[in-house]
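The structure appears below as structure tokens.
In full-length UniProt numbering, the protein residues as written are 1 to 320.
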């Protein structure tokens, strides 16, 4: 069999996902790809980042937003999280075979984990690995996370959306009780897990040389980068949704419904008991066609000279 093992030198998640997409085009029977990312939130192919993430906190702390091509929920990555990808023939490779390889690698480190019904791997009842899948015409791609020593204390800062009411047909994440492999073995490192996965891969498919790879430098991957890591492309791919709220202002009560498509406010509907009924047309005029973006809407609120609209815009901003 013709196999490959790649170890990423890049820590840019979008570049690594673009590299993974490139590997799906290579003529190998089996590929193991190991990669570690700088802080980022990775959302599934059909997810709405506005309802999954706190984009304001992410922007303030330079946490990258990335959209993968597989399904599943939103996850937090940092340098304490080891990502693995197993690529095989669509007709013969199965997730059961892949899970067996990963569980064997963990067991060889003295970590006796189990598979849950949601395609998660658990250690003492805590999720230490989430997994997602993608199929092409010829390949089956299984990628997952392994929380080794991730900073779990900051996850809620980025994976907890604001109080904005959102109505969307996008796929929602399911909350899980998470933990680190370090809780089962204090001295564990990413390198130890990498070595064990490589040994399990070699035992299953034959000895294979490990190749270091910089996905950010591969022309085929560079050409694909925007699909995974360009914020404007990610927002364009976000399913249509509605942001709505009801709030009492000094000038009256208002219910505002904003329909968002491809990251832009495409429709504005407002219901109010305000004495000045012109506020409805003025709200539509200032909001329609504007990017659904914290910074843009904050700037609108700052520069607007109409007091009632300023309070309305400021409330919208506070919910993002």
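Ideal placement from N, C-alpha and C gives every residue a C-beta, glycine not left out.
The structure displayed is predicted, hence computed values, not measured ones.
Taking residue i as the reference, which of the options has the closest Cα?
{"i": "residue 66", "options": "53, 29, 42, 47", "result": "42"}
{"i": "residue 256", "options": "73, 244, 287", "result": "244"}
{"i": "residue 208", "options": "199, 214, 216", "result": "199"}
{"i": "residue 4", "options": "17, 34, 12, 18", "result": "34"}
{"i": "residue 160", "options": "220, 53, 27, 297", "result": "53"}
{"i": "residue 11", "options": "82, 134, 180", "result": "82"}
{"i": "residue 141", "options": "153, 311, 268, 93", "result": "93"}
{"i": "residue 61", "options": "38, 126, 47, 185", "result": "38"}
{"i": "residue 157", "options": "246, 122, 40", "result": "40"}
{"i": "residue 90", "options": "127, 231, 28", "result": "28"}
{"i": "residue 297", "options": "320, 307, 275, 308", "result": "320"}
{"i": "residue 272", "options": "252, 290, 291", "result": "252"}
{"i": "residue 44", "options": "117, 134, 8", "result": "134"}
{"i": "residue 120", "options": "80, 30, 69, 177", "result": "177"}
{"i": "residue 192", "options": "231, 148, 219", "result": "148"}
{"i": "residue 32", "options": "69, 220, 206", "result": "206"}
{"i": "residue 221", "options": "16, 8, 7", "result": "16"}
{"i": "residue 150", "options": "80, 197, 215", "result": "80"}
{"i": "residue 46", "options": "30, 68, 195", "result": "68"}
{"i": "residue 240", "options": "117, 292, 105, 248", "result": "292"}
{"i": "residue 274", "options": "286, 247, 189", "result": "247"}
{"i": "residue 9", "options": "268, 210, 254", "result": "210"}
{"i": "residue 105", "options": "194, 48, 36", "result": "194"}
{"i": "residue 36", "options": "6, 250, 187", "result": "6"}
Indicate whether at least one CB of chain C lies closer than 8 Å to the CB of residue i.
{"i": "residue 282", "result": "In the structure shown, chain C cannot be found, because there is only a single protein chain."}
When the Cα atoms are used, what is the spatial distance from residue i to residue j?
{"i": "residue 201", "j": "residue 63", "result": "32 Å"}
{"i": "residue 281", "j": "residue 55", "result": "29 Å"}
{"i": "residue 263", "j": "residue 234", "result": "9 Å"}
{"i": "residue 132", "j": "residue 115", "result": "14 Å"}
{"i": "residue 85", "j": "residue 266", "result": "38 Å"}
{"i": "residue 50", "j": "residue 213", "result": "33 Å"}
{"i": "residue 203", "j": "residue 136", "result": "26 Å"}
{"i": "residue 19", "j": "residue 288", "result": "38 Å"}
{"i": "residue 13", "j": "residue 228", "result": "8 Å"}
{"i": "residue 123", "j": "residue 146", "result": "11 Å"}
{"i": "residue 112", "j": "residue 185", "result": "11 Å"}
{"i": "residue 72", "j": "residue 126", "result": "18 Å"}
{"i": "residue 152", "j": "residue 179", "result": "8 Å"}
{"i": "residue 314", "j": "residue 95", "result": "48 Å"}
{"i": "residue 306", "j": "residue 300", "result": "11 Å"}
{"i": "residue 138", "j": "residue 217", "result": "26 Å"}
{"i": "residue 290", "j": "residue 231", "result": "16 Å"}
{"i": "residue 154", "j": "residue 278", "result": "44 Å"}
{"i": "residue 286", "j": "residue 316", "result": "13 Å"}
{"i": "residue 189", "j": "residue 109", "result": "11 Å"}
With DSSP as the reference, identify every bridge partner of residue i, one or two as the case may be.
{"i": "residue 269", "result": "257"}
{"i": "residue 35", "result": "83"}
{"i": "residue 3", "result": "30"}
{"i": "residue 120", "result": "130"}
{"i": "residue 40", "result": "64, 77"}
{"i": "residue 114", "result": "122"}
{"i": "residue 248", "result": "253"}
Is it buried or exposed, residue i, if we count other Cβ atoms within 10 angstroms and call 16 or more buried?
{"i": "residue 58", "result": "buried"}
{"i": "residue 143", "result": "buried"}
{"i": "residue 107", "result": "exposed"}
{"i": "residue 2", "result": "exposed"}
{"i": "residue 303", "result": "exposed"}
{"i": "residue 224", "result": "buried"}
{"i": "residue 130", "result": "buried"}
{"i": "residue 88", "result": "buried"}
{"i": "residue 196", "result": "buried"}
{"i": "residue 295", "result": "exposed"}
{"i": "residue 181", "result": "buried"}
{"i": "residue 341", "result": "Since the first residue shown for the chain is 1 and the last is 320, residue 341 is missing from the structure and cannot be characterised."}
The segment 227-246 touching the segment 257-271, judged by at least three CB pairs closer than 8 Å: In this structure the segment 227-246 touches the segment 257-271; the number of beta carbon pairs closer than 8 Å is three or more.
Segment contact flag, the segment 66-79 with the segment 97-106, C-beta cutoff 8 Å, min 3 pairs: no
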